[in-house]
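The structure appears below as structure tokens.
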Amino acid sequence: MAGNRIDPGIPATPERDRLTGVLVPVRPLDLSVEEVRQLWSFIHGDIMDGSMRRLLRASLGLCPRHSWAYAVVEIELWQAGAGVRGGHQPFDVTVLYEDLLDHVADGLDRRSSLLLRRPDDVLLPVGPCRICEDMASPALPGLRMGYANSNTEALTVEANGLAHTKAWCRETLPLWRSRTCPDCDPGTPEGAGDPVLLCRFHLAARRPLPERLRHAVASRLRAIRKRVRHLTESMTDYGAPVGAEENASWIEAIGSFAGWGLPLYLAADYTEPGTEEDSQGAGQRD
Ligand SMILES: [Zn+2]
Ligand SMILES: [Zn+2]
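Reminder that position 132 of the sequence shown reads as 835 in our numbering, one-by-one numbering, no gaps.
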């Protein structure tokens with residue numbers, strides 16, 4: 704609906720951010736009740752539906768904040784499911800990212816042509832984040848209720864606790880820590896790090912991308928997709944259990960699209976069991 708103004712205080716996608724959005728800082732998400740309400744009902748919708756799938760592909764999923772929030776709400780609030788964990792797992796999220804990883808990898812591998820969009824334009828979303836858009840539309844009385852009248856305030860407290868998301872991130876930390884986007888990681892000096900690991904935002908900022916880099920990023924995304932696919936299957940009745948590589952894959956997938964703010968925050972004060980003695984941190988004793 705044209706002409707709607709975005710309310711102040713709502714995570715917005717104003718014009719200036721339309722192409723690249725705003726990355727999530729390295730701190731808690733602190734979701735609002737309204738965000739949890741919207742995401743909870745989004746999770747109950749059908750993202751496999753053809754038209755929804757096309758919209759989500761065009762917008763490359765949700766904005767960074769709502770990409771992570773989507774995973775958090777599903778992981779924290781979904782109590783029952785198939786697979787060894789039986790719940791508290793990112794099923795909808797992995798289904799979506801299988802599609803998005805494929806879509807972006809194909810785009811990056813495309814041959815350049817004068818007539819078509821540049822291959823690296825696939826890194827730019829066409830269309831807004833659904834959740835931002837729904838939050839900005841005028842309040843509809845029917846939609847003020849939580850999904851199936853669930854108590855959204857209690858659900859918001861639970862989601863913001865991040866208990867299960869934190870467990871996933873910490874459990875898989877040794878795998879994803881060396882694969883984070885160097886430009887998202889406050890610990891990496893500016894301009895250092897492997898450009899193949901850059902997230903979608905930081906890659907987009909470096910366009911036009913050299914052809915070699917485009918193809919290298921496409922293979923990285925395909926490798927993640929393969930592991931995401933196994934993870935999705937493991938959360939169904941017929942799938943085999945997966946290992947740590949697959950368990951880390953959804954974090955890598957969202958990190959590649961939405962930046963690494965949330966996992967870096969969740970891992971920040973964490974010392975892996977057995978590594979309490981920080982042999983490299985000498986000199987910071989005061
Ligand atoms: Zn959003
Ligand atoms: Zn980044």
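Even for Gly, the Cβ is constructed at its ideal location relative to N, Cα and C.
From residue i to residue j, what distance separates their C-alpha atoms?
i, j, result
"Leu900", "Arg756", "26 Å"
"Thr797", "Trp953", "6 Å"
"Thr974", "Arg821", "43 Å"
"Glu955", "Ser840", "32 Å"
"Arg740", "Asn854", "9 Å"
"Ile713", "Pro831", "Since pLDDT at Ile713 reaches only 34, below the 50 mark, its modelled position is unreliable, and no value is offered."
"Asp940", "Gly786", "6 Å"
"Pro844", "Leu758", "Note on Pro844: pLDDT 49, under 50, position unreliable in the model; the coordinate value appears next. Cα-Cα distance, rounded: 25 Å."
"Asp897", "Gly890", "14 Å"
"Ala951", "Gly942", "17 Å"
Less than 6 Å between C-beta atoms, sequence neighbours within five positions excluded: which residues of the same chain meet that for residue i?
i, result
"Gly790", "Trp781, Gln782, Ala783 and Gly784"
"Pro966", "Cys872 and Ile954"
"Gly748", "none"
Near residue i, which residues of its chain fall below 7 Å by C-beta distance, leaving aside the five closest residues on each side in sequence?
i, result
"Pro793", "Ala774, Glu777, Ile778 and Trp953"
"Arg923", "Val899"
"Met938", "Gly784, Ala785, Gly786, Gln792 and Phe794"
"Gly810", "Pro822 and Val825"
"Asp733", "Asn863"
"Asp805", "Arg928"
Below 8 Å on the Cβ atoms is my guess for residue i versus residue j; work out the distance and round it to an integer in Å.
i, j, result
"Leu803", "Phe960", "6 Å"
"Leu934", "Pro828", "Their Cβ separation, rounded to whole angstroms, is 24 Å, which puts Leu934 and Pro828 out of contact at 8 Å."
"Leu858", "Trp743", "6 Å"
"Cys902", "Gly946", "At roughly 24 Å, the Cβ-Cβ gap does not stay under 8 Å, so Cys902 and Gly946 are not in contact."
Within the same chain, show all residues whose beta-carbon is closer than 8 Å to that of residue i, passing over the 5 residues directly before and after it, in chain order.
i, result
"Asp795", "Ile746, Ile750, Tyr773 and Glu777"
"Gly964", "Leu726, Val727, Pro728, Val729, Arg730, Pro767, Trp771 and Cys887"
Do three or more CB pairs link the segment 867 to 880 to the segment 956 to 973 at distances below 8 Å? yes
Beta strand (DSSP E) runs contained entirely in the segment 722 to 799, provided each spans 3 or more residues: none
Report the start-end ranges of each alpha helix (DSSP H) in the segment 824 to 910 that is 4 residues or longer and not cut off at the edges. 833 to 839, 855 to 864, 866 to 874, 876 to 879 and 903 to 907
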